[in-house]
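For the sequence shown, the numbering used here assigns the number 49 to the initial residue and increments by one for each residue that follows. Ideal Cβ placement from N, Cα and C applies to all residues, glycine included. Please read these numbers as outputs of a predicted model, since none were measured by experiment. Encoded as structure tokens, the structure appears first; notes follow it.
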Amino acid sequence: MLRAMQIEVNGRPHQVDAGTTVAALLELLGVQGGPVAVERNQEIVPRAEHGSTALHDGDRLEVVQFVGGG
């Protein structure tokens with residue numbers, strides 16, 4: 049059984065399974081397919097590393113999805 053972790057996303061608490069990656073979190077949040085920026089503990093996570101960057105208990109993330117318009 050996977051252990052649950054507490055993280056914060058855009059100032060709100062979230063509970064995820066241990067071993068969850070940034071990419072998996074984005075999928076859980078429904079943020080995928082478009083341009084997105086992720087900051088983890090005040091450091092940008094490059095898009096190429098979303099699938100390999102595992103989250104840890106207590107991580108604080110900011111997720112920004114870019115929206116076009118005019």
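Residue 92, buried or exposed, once every other Cβ within 10 Å from all chains shown has been counted against 16: By 1-based counting over the sequence shown, the position of residue 92 is 44. Under this definition residue 92 is an exposed residue.
Spatial distance of residue 62 from residue 115 (CA atoms): What you label residue 62 is simply residue 14 of the sequence shown in a count that begins at 1. What you label residue 115 is simply residue 67 of the sequence shown in a count that begins at 1. Cα to Cα, residue 62 sits roughly 24 Å from residue 115.
What residue range is occupied by the uninterrupted beta strand (DSSP E) comprising residue 52? Locating residue 52 in the sequence shown gives position 4, where the first residue counts as 1. Counting along the chain, residue 52 sits inside the beta strand (DSSP E) bounded by residues 52–57.
Rounded C-alpha distance that separates residue 71 from residue 108: As a first step, residue 71 must be located in the sequence shown, where it is residue number 23. As a first step, residue 108 must be located in the sequence shown, where it is residue number 60. The alpha-carbon of residue 71 is positioned some 15 Å away from that of residue 108.
Paired residues, beta bridge with residue 72 - DSSP: Within the sequence shown, numbered from 1, the residue matching residue 72 stands at position 24. None, per the DSSP bridge assignment.
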